[in-house]
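Residue numbers (our numbering): 63 to 490.
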Amino acid sequence: MRDTLRQMRSYERSVQLLMVNQFTINLGFYMLMPYLAAHLSGSLALAGWTVGLILGVRNFSQQGMFLVGGALADRFGYKPLIVAGCVLRTVGFAALGLVDSPAALLAASAATGLAGALFNPAVRAYLALDAGERRVEAFALFNVFYQAGILLGPLVGMALTGVSFTVTCLVAAGVFAVLSLVQIRSLPARRSEAPRGDGATLRSTWRGILGNRPFLLFAGAMIGSYVLTFQVYLALPLEVRRLGGDGDFGTAAVAVLFAVSGLTTILFQTRVTAWCRARAEPGRALVWGLLVMAAAFLPLLAATAVPAADVPAGGAGRWLLAAGPPALAALLLAVGTMIAYPFEMDTIVRLSGDRLVATHYGLYNTICGIGITVGNLLTGAALDAAREAEVAALPWLALTGLGALCALALHGLHRTGRLVRPESASVA
């Protein structure tokens, strides 16, 4: 950890602040969001469809507005969008703890999602700009702070929610309020080289971005990586609970999934990035990352060869079967993400031609967000089909195949030179 902090201090102050900001953003977000559904359905006694709608609005307002947030960041500068997003999330989180009508909760949920759409592309574009030639290493460090916030946030939230969910919301809102003030005071203003002019120029710019075929192909190929990593929240917990039950063991085993993922990243991200950087071009490292993600589901596939009915319930064997393969899958997904993520962020900048970077990040996030939604629907359908047909291997085969196909697509893009577009190229 000392090496990580020493490496962080080697960057200029703005980059250091962005990393601490991202840790704090995730700390505040994850101390609240894991407990929101229980609050809505329990304390407020809302119907299941209402809870789903409120949570869905939050996700849609973030994923659907990433492109708008990125475009605004390129137009007006990165700092105003980062500050605006944090202020809006302050208001949204406070409202979630203080209001109880469905309409007000929908508005608050939408505000928290829109906030993420405003600051996420701006933060990444700002980091890429100020890190310069060291942006691969900077994004590796960024991922360490990102995962640290995800790991610590739910633990803080658990303690606060034990008092009351309103306290959790107000503390989370306070975190974002302080973060807003710190950024207003300390974050230097930065902006991209976005072309500015009349409507015709803007239309030309958008045509250029949407006509950036290498970028769009890359975004499409990377969708699978997001679908695979999201299974830490979907398929893996469901598998743990299917075999281990919904009791204390199941809850503890699910917590282990997140701990394995977060701690692995915090401890090894910078070393993995340095190792890959020394041995592979960015495109090849991306292929390696996708292949490791695809292999993450092989332990689950192998475990299906052991009939669960033959393993006594409640014994050590059942616990090992329920927790072991999912934990190993979470570990391999974390390793694959560690390999790919810094090079992924760097490739987006390269394919943007180093211009309108926030807009490209916004469009990239929107494409991948849509892909996650579709991928989760298909994964859920595969899990249901596997249960009904008693073919437990089906979802793991499908996810492994998806990872392999995406790795093959990235290999093709790398071999044809479509991942190394000169940074001086224009997209407009």
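Positions of the beta carbon are idealized from the N, C-alpha and C atoms, including for glycine.
| Among F201, L363 and A389, the one whose alpha carbon lies nearest that of A455 | The residue from F201, L363 and A389 with its alpha-carbon nearest to that of A455 is L363.
| query | Quick one: what's got a C-beta closer than 6 Å to G178's C-beta in the same chain, skipping five residues either side? | reply | Closer than 6 Å at the Cβ level, and outside the excluded window around G178, lie Q124.
| field | Unbroken alpha helix (DSSP H) run spanning V294, endpoints | value | V294 -> no alpha helix (DSSP H), and no H or E assigned at all.
| query | Using DSSP with H/G/I as helix, E/B as strand and the rest coil, what is G479? | reply | DSSP places G479 outside both helix and strand once states are collapsed to three, so it counts as coil.
| task | Identify the continuous alpha helix (DSSP H) that holds N83 and give its terminal residues. | result | Counting along the chain, the alpha helix (DSSP H) containing N83 begins and ends at R75 to Y92.
| request: Quick one: give me the first and last residue of the alpha helix (DSSP H) that N274 is part of. | output: DSSP places N274 outside any alpha helix (DSSP H), giving it a letter other than H or E.
| task | In the DSSP assignment, find the unbroken alpha helix (DSSP H) run with R186 in it and report its ends. | result | Judged by DSSP secondary structure, R186 falls within the alpha helix (DSSP H) whose first and last residues are P164 to A193.
| task | Just the C-alpha distance for W111 and R477, rounded to the nearest angstrom, thanks. | result | For W111 and R477, the distance between alpha carbons rounds to 47 Å.
| task | Check the C-beta distance from P164 over to A297 and give it rounded, since I have them as a contact under 8 Å. | result | Not confirmed; about 30 Å, so no contact.
| query | Between which two residues does the alpha helix (DSSP H) containing M70 stretch? | reply | M70 -> alpha helix (DSSP H) spans R64 to R71.
| field | Nonlocal neighbours in the same chain, by C-beta distance under 7 Å from S76, ignoring five residues either side | value | Excluding residues within five positions, the ones whose Cβ falls inside 7 Å are D192, L249 and P250.
| request: Name the two residues that bound the continuous alpha helix (DSSP H) containing Y208. | output: Counting along the chain, the alpha helix (DSSP H) containing Y208 begins and ends at R197 to T223.
| query | Helix, strand or coil for D408 per DSSP? | reply | Correct three-state label for D408: helix.
| said: Within the continuous alpha helix (DSSP H) that includes D136, where are the two ends? | reply: Unbroken alpha helix (DSSP H) run through D136: F128 to F138.
| query | Within the chosen definition, does the stretch 138-158 reach the stretch 433-449 through at least 3 CB pairs nearer than 8 Å? | reply | By the Cβ rule, the stretch 138-158 does not count as touching the stretch 433-449, because fewer than three pairs are nearer than 8 Å.
| message | Once DSSP output is grouped into helix, strand and coil, what is the label at A402? | response | Look at A402 here: in three-state DSSP terms it is helix.
| said: Tell me the rounded alpha-carbon separation between R120 and L464. | reply: R120 and L464 have their C-alpha atoms spaced approximately 27 Å apart.
| field | Extent of the continuous alpha helix (DSSP H) to which Y423 belongs | value | Looking at the DSSP string, the run of the alpha helix (DSSP H) that includes Y423 is V419 to A451.
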